[in-house]
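Following: one structure in structure tokens, then a few remarks.
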Amino acid sequence: MRVVVDWWQGHWANEMENASSSDLSYSELSYGLWYFGFIVICSVVTIGRGLLMMESCIRSSKSLHNELFRRVLSAPINLYFDVTPVGRILNRFSNDLDQMDSVLPQHYQSLFQSLGVFVGCLVVCGLASFWVGLSYLPMLVIFVITGVYFKQTSREVKRLEGVTRSPVFNLFGETLNGLHTIRAFKMQDRFVELNKEAVDDNTSFYFTYWAAGRWLAIRLDWLSVVVIFVVTIYLVTSKGQTDSVVAGISLSYSLMLTSMIQWVVRAVDLTDNAMTSVERLLHFRNIVVETDNADCVPINGAAWPARGAIRFDNLCLRYRPDLPLVLRGVSMDIQPGEKVGICGRTGAGKSSLMIALFRICAFDSGSIVIDDIDIEKVRLHDLRRGLAIIPQDPVLYSGSLRDNLDPFGDYTDEAIWSVLQQVHLAAAVTKWGTGLDFVVSERGDNLSVGQRQLLCIGRALLKDSRIVVLDEATANVDTATDRLIQATIQETFAGKTVLIIAHRINTILHCNKIAVMDAGRVAEFGSPSSLLQQPDSIFASLANRSGHH
């Protein structure tokens, strides 16, 4: 359309020059209307093309983001998150998605526009003469060879730039998370140097990529000069043989080729490099996700389990196929309403029991039965909805206190206040002034560790599950807060089956049963009093070591 608009200008000028005052066939108004119509059509086509490309790219990006986000959220912790750096995930969902959202549509539009103008320039210049068009063939061959060579090189450099960007994100995140430890060991200078090295590695490829672009620009400039030279020489030597309009447009378009050649190659390169981000995102489609077995038992996740009986039957578990077993034939029966303390040395398999209970990892062999139902035949959503856990590191989100206690809006304010009363936080929340609308900062940093832990207990209590798991819930609090939390647990979870992973022996002395883990096996299982009466028992030695006799 642009060629037509330019040609119409020349045609109009010729008609104006040749028309006489008595020539009724010439009308400035009609030529002007035609010219205006061509401009309107060209504008509509350009705007429509841009909107179509932007809409298609953004819609594709939205669909891909939602799919990949669901896959990442459903990925097994042991098979994906334990082996994938957080920086890589952040890079995919930040830089790569930004490339697909904003950069790729622009490059697509630029590519088609530049390619259309480039082809139009070649066609118009070729119309000046058959020989001019024929002379383009060797130049096009050189153009293609140069472009392909540059494309292969720049794509690899861009890929390396993307690969070296992930360690920058990863190291920066690790530095922030471990800032207290870094300062305690006076390793600030060391981590500054590590960050400098990571940034230097990334920027070296970044600048190499742009240097390669300058290399290409110089060669394409020379190629454009040759095109201009050929067209100009022919038009000068063939004076009178070529229509003046065609000659003028050919010369102006040959001058335009200088920039168009570079824009076409650059647009192809930028589009191809932006597609590498799409390629990396598509790799997320290969993430293995947690799935339910085909023979799942239909149960009501809100009402199950009704009693809270748990049976471990010769359970064996490993985190990944290439790693050794962490649980080796674990067997024990836990009756409804029992409080079971789980203790043992570091690496004995205490936390692995909880991982197995929530089916974070697939079982190597054996089974876990809750209320006479094998949990491998229960949908993961129903299983995890039916259990409650109070983690060692309390997890709170930025938002209101109500959203942290009841994220799905299942309970009334009266029920939430009742829970706060049971965990001894109602008075404190009232003093804060805003009640349940109190804003919790990110990770609950505006609350003490004890308050965060009590809120997690309240969340589990509000859920009213028959089975509650405490993963060393008082390991990071002082003794006074520990006593308050222990009293709260004993008061609020009476009648429920409670599994307590112990960091301090005194936190499980009140339990009905003690399970002592050793090398992935249940070495001892019985009441605290009976185990303490056995001087050679592992539990007795752990109690003596901690000062309890």
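The working numbering puts the sequence shown at residues 12 to 560.
Just so you know, even glycine gets a beta-carbon here, dropped at the ideal spot from N, CA and C.
With H, G and I counted as helix, E and B as strand and the rest as coil, what does DSSP make of residue i?
i, result
"N517", "helix"
"K474", "helix"
"M198", "coil"
"F129", "helix"
"G377", "strand"
"K507", "coil"
"S342", "strand"
"N325", "strand"
"F47", "helix"
"E502", "helix"
"A526", "strand"
"V480", "strand"
"E349", "coil"
"R356", "coil"
"V337", "coil"
"L35", "Below a pLDDT of 50, predicted positions are generally treated as unreliable, and L35, at 47, falls in that range; no measurement from the model is reported."
"I239", "helix"
"E535", "strand"
"I88", "helix"
"I272", "helix"
"I512", "strand"
"I100", "helix"
"I384", "strand"
"S67", "helix"
"N304", "coil"
"A491", "helix"
CA-CA distance, residue i and residue j?
i, j, result
"V479", "C522", "14 Å"
"L364", "L338", "8 Å"
"M150", "F161", "16 Å"
"N11", "Q403", "Since the displayed the chain opens at 12 and closes at 560, residue 11 lies outside it and no answer follows."
"R556", "C327", "30 Å"
"M198", "T186", "11 Å"
"T508", "D448", "32 Å"
"P539", "I386", "29 Å"
"V179", "D344", "49 Å"
"F183", "H118", "30 Å"
"G131", "G43", "23 Å"
"D547", "I193", "42 Å"
"W226", "L79", "37 Å"
"L205", "A373", "37 Å"
"E349", "I371", "24 Å"
"F240", "S146", "11 Å"
"E535", "F550", "8 Å"
"N110", "D283", "Note that residue 110 corresponds to Gln in the displayed sequence, not to Asn. Each residue's Cα considered, the two are about 11 Å apart."
"R166", "Y220", "9 Å"
Leaving out the 5 sequence neighbours to the left and right, which residues in its chain are closer than 8 Å to residue i when beta-carbon positions are compared?
i, result
"S32", "Because the pLDDT at S32 is just 46, under 50, the model does not fix this residue reliably, and the point stays unresolved."
"T499", "Q433, V434, H435, L465 and I468"
"D211", "none"
"N304", "E387 and K388"
CB-CB under 7 Å to residue i, same chain, minus the five flanking residues each way: which ones, in chain order?
i, result
"D112", "I69 and S72"
"D324", "S342, G377, S378 and V380"
"F216", "V168, L171, E172 and T175"
"Q273", "A228 and L231"
"N213", "E172, T175, R176 and V179"
"V308", "I384, K388 and V389"
"A437", "W428 and L431"
"T164", "A223"
"R331", "N89 and L90"
"S125", "M271, W274, V275 and A278"
"Y422", "L473"
Quick one: residues in its chain with C-beta nearer than 6 Å to the C-beta of residue i, no 5 flanking neighbours on either side, listed in chain order?
i, result
"P405", "R463, Q464 and C467"
"N181", "P96 and G98"
"L481", "I401 and I511"
"V6", "No statement about residue 6 is possible, as the shown extent of the chain runs from 12 to 560 and does not include it."
"L35", "Model confidence at L35 stands at a pLDDT of 47, short of 50, so the residue's coordinates are unreliable and nothing is read from them."
"V128", "M271"
"C87", "This sequence places Pro at residue 87; Cys is not what is there. Closer than 6 Å at Cβ, skipping near neighbours: E301."
*Mind listing, in chain order, the continuous alpha helix (DSSP H) runs of no fewer than 4 residues lying wholly within the stretch 386-470?*
Here the runs fully enclosed are 391-397, 412-416, 424-433 and 437-442.
_Touch test, the stretch 224-240 against the stretch 151-171, Cβ-Cβ under 8 Å, three pairs minimum_ = In short, these stretches touch, since the Cβ pair count reaches three.
*asked:* Can you confirm whether the stretch 271-279 touches the stretch 55-73 when touching is taken to mean that 3 or more C-beta pairs between the two stretches lie within less than 8 Å?
replied: With the cut-off at 8 Å, the stretch 55-73 and the stretch 271-279 do not touch.
*Three CB pairs or more closer than 8 Å across the stretch 501-517 and the stretch 341-361*: The stretch 501-517 is in contact with the stretch 341-361.
*asked:* Under 8 Å, with one C-beta from each stretch per pair, do the stretch 100-113 and the stretch 281-290 reach the 3-pair mark?
replied: At 8 Å Cβ cutoff, the stretches touch.
*Pairing CB atoms from the stretch 391-399 with CB atoms from the stretch 445-463, are three or more of them under 8 Å?*
With fewer than three CB-CB distances shorter than 8 Å, the stretch 391-399 does not count as touching the stretch 445-463.
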